[in-house]
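Accompanying notes for the structure given below.
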Amino acid sequence: MALDYSTGYLSAPRRMLSLAVTPVFWMADVPGRLLDSLRYLYEDRHQLAAENESLSRQVLLLGQALQKKEFIEKQNSNLKALLNGSVPLKDTVTVVEQLGIAPEPSVRQILLDRGTHDGVVAGQAVLDATGVVGQVVSVDMLVSRAMLITDAKSRIPVQVNRSGYAAIAAGTAKGKLLELLHVPFTEDIREGDLLVTSGMGQLFPRGYPVADVTRVERKKNHHFLTVHARPRARLANNRLLVLLSRGRKNTKKQEPSSVTNDLVNNTGVVPASRQGDGP
Amino acid sequence: MKQGAGQGFIWITLMLAAVLAFVPLPAFAALVRPAWVPLFVLCWVLISPGHCGLVFAWLAGLMMDLLHGSLLGQHALAMSCMALAVSTQGRFMMLACWWQQSCVVVLSIGLYELVVLGVGAVTGQSGLLVGTTLLAPVSSALLWPMVRFFLSRLGAVLALR
Chain A
3 MALDYSTGYL SAPRRMLSLA VTPVFWMADV PGRLLDSLRY LYEDRHQLAA ENESLSRQVL
63 LLGQALQKKE FIEKQNSNLK ALLNGSVPLK DTVTVVEQLG IAPEPSVRQI LLDRGTHDGV
123 VAGQAVLDAT GVVGQVVSVD MLVSRAMLIT DAKSRIPVQV NRSGYAAIAA GTAKGKLLEL
183 LHVPFTEDIR EGDLLVTSGM GQLFPRGYPV ADVTRVERKK NHHFLTVHAR PRARLANNRL
243 LVLLSRGRKN TKKQEPSSVT NDLVNNTGVV PASRQGDGP
Chain B
12 MKQGAGQGFI WITLMLAAVL AFVPLPAFAA LVRPAWVPLF VLCWVLISPG HCGLVFAWLA
72 GLMMDLLHGS LLGQHALAMS CMALAVSTQG RFMMLACWWQ QSCVVVLSIG LYELVVLGVG
132 AVTGQSGLLV GTTLLAPVSS ALLWPMVRFF LSRLGAVLAL R
């Protein structure tokens, strides 16, 4: 135990051994899957058709928004180039599936179905369609664990989208909300503000939505404001998630997108890349 | 040969317990989720002391460590403590009536949870002790008569006594 705690000697044997228990995760995932497929069996045609309809409508709207985004990105990149702007960043994404949830109620972690075998490394950011979900904390051969941003031990550097004020959002013991640490009384922050990742600490890329500020409170005998925020992402309730790996390449040249879809960071100097079909 | 097959079956039941422990549940149900694996280990240690001793408990704990991604040895230590306590002090309980047995189960699963939490707290690896932590031993104790019935039947069939 001491060996595992203070040294890294046991990480390789652990990976080998964990291979033997991985089937447990797959089996534990079966009931959920069965429920899903039962839902498909019994949900009637009309409902499915309606769902299909609304989804294709959504695709249309998103595609439209994307056209505009490409233009803006182009413009942004030109402006940044004029200003000799910051280091360009390009993020590649892989789609992963959620395999389970940590069974202890006090630990907010999810299990993903990719591991070292698929090139997952600790520290990668996990996103869903609406925002940041968490980060990968431990990787086994075929599965990995990601800590949600609401875990009591999680800290994520954010900034207020409106004012640009940077702070650290911490998880809470209850595990539903985030709390901003050490916000001075004088700071301009209001309910309804959007918090996005600030990119500080290099772990989470910049500009992804994290949470909405729900409550700003000035408590007596406190040195700082109490700021609560509700996460945007549907944290543990997703089946499909996106894993971000940060390619730190200079993307002055147009690079053909590989198997993974290109996700261009808003702030990087990136020529408007071709957008393939979504994953 | 027979011996090996029996051991194999015991491990299959433990795997089953692990699956039950990892099936995703809604938040309120997760709070009262019984500690399936310790419960099964406890039962096997009492039913067939000849096959399942401390080493067995330790290995089962190691399996839990791998499943939880926790420190290697954390659950193993807790499981061994529980097995040691039960096999030295708790033998009499197999003759007692069911609610007395359940009381012993609350104590031993509680011991297990406390050791896990204690090691976690010392190393900064796991969550905090909250009131709801105490619900798992209680729900495990309520399930005890059933688990004992099924596993002792299985043990009888496999001639593991």
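These protein sequences, in sequence, are chains A and B.
To convert a position in the first sequence, counted from 1, into my numbering, add 2.
To convert a position in the second sequence, counted from 1, into my numbering, add 11.
Think of the CB as a built atom: it goes at the ideal place given N, C-alpha and C, for glycine as much as any other residue.
None of these values were measured; they are calculated from a predicted model.
Along the chain, where does the beta strand (DSSP E) containing residue i start, and where does it finish?
i                      : result
residue 227 of chain A : 227 to 233
residue 149 of chain A : 146 to 150
residue 183 of chain A : 180 to 185
residue 219 of chain A : 211 to 219
residue 127 of chain A : 127 to 129
residue 140 of chain A : 134 to 141
residue 82 of chain B  : Taken as a continuous stretch (DSSP letters only), residue 82 of chain B belongs to no beta strand (DSSP E), as it is neither H nor E.
residue 49 of chain B  : That residue, residue 49 of chain B, is in no beta strand (DSSP E); its alpha helix (DSSP H) goes 47 to 58.
residue 113 of chain A : 111 to 114
With a cut-off of 8 Å, does the C-beta of residue i fall near any C-beta of chain A?
i                      : result
residue 15 of chain B  : no
residue 34 of chain B  : yes
residue 50 of chain B  : no
residue 66 of chain B  : no
residue 102 of chain B : no
residue 105 of chain B : no
residue 256 of chain B : Given that chain B is displayed from residue 12 to residue 172, the structure contains no residue 256 of chain B and the question cannot be resolved.
residue 40 of chain B  : no
residue 132 of chain B : no
At least one CB of chain B closer than 8 Å to the CB of residue i: is that the case?
i                      : result
residue 172 of chain A : no
residue 19 of chain A  : yes
residue 39 of chain A  : no
residue 156 of chain A : no
residue 74 of chain A  : no
residue 150 of chain A : no
residue 237 of chain A : no
residue 147 of chain A : yes
residue 242 of chain A : no
residue 26 of chain A  : yes
residue 234 of chain A : no
residue 36 of chain A  : no
Under the rule that 16 or more other beta-carbon atoms within 10 Å means buried, what is residue i, buried or exposed?
i                      : result
residue 149 of chain A : buried
residue 270 of chain A : Interpretation of residue 270 of chain A is limited by its pLDDT of 38, a score under 50 that renders its predicted location unreliable; the figure taken from the coordinates is listed afterwards. Buried, because 16 or more other Cβ atoms sit within 10 Å of the Cβ of residue 270 of chain A.
residue 144 of chain B : buried
residue 161 of chain B : exposed
residue 108 of chain B : exposed
residue 207 of chain A : buried
residue 210 of chain A : buried
residue 106 of chain A : buried
residue 132 of chain B : exposed
residue 168 of chain B : exposed
residue 80 of chain A  : exposed
residue 152 of chain A : buried
Just to confirm the assignment, what range does the alpha helix (DSSP H) spanning residue i have?
i                      : result
residue 174 of chain A : Neither: residue 174 of chain A is in no alpha helix (DSSP H) and is coded neither H nor E.
residue 24 of chain A  : 13 to 44
residue 74 of chain A  : 47 to 84
residue 134 of chain B : 109 to 134
residue 149 of chain B : 146 to 168
Flag residue i as yes if its beta-carbon sits less than 8 Å from any beta-carbon of chain D, otherwise no.
i                     : result
residue 78 of chain B : No chain D is part of this structure, whose protein chains are labelled A and B.
Tell me which residues share the same chain as residue i and place their Cβ nearer than 7 Å to its Cβ, disregarding the 5 neighbours each side in the sequence.
i                      : result
residue 115 of chain B : 101 and 104
residue 232 of chain A : 179, 213, 214 and 216
residue 143 of chain A : 17, 20, 21, 117, 118 and 119
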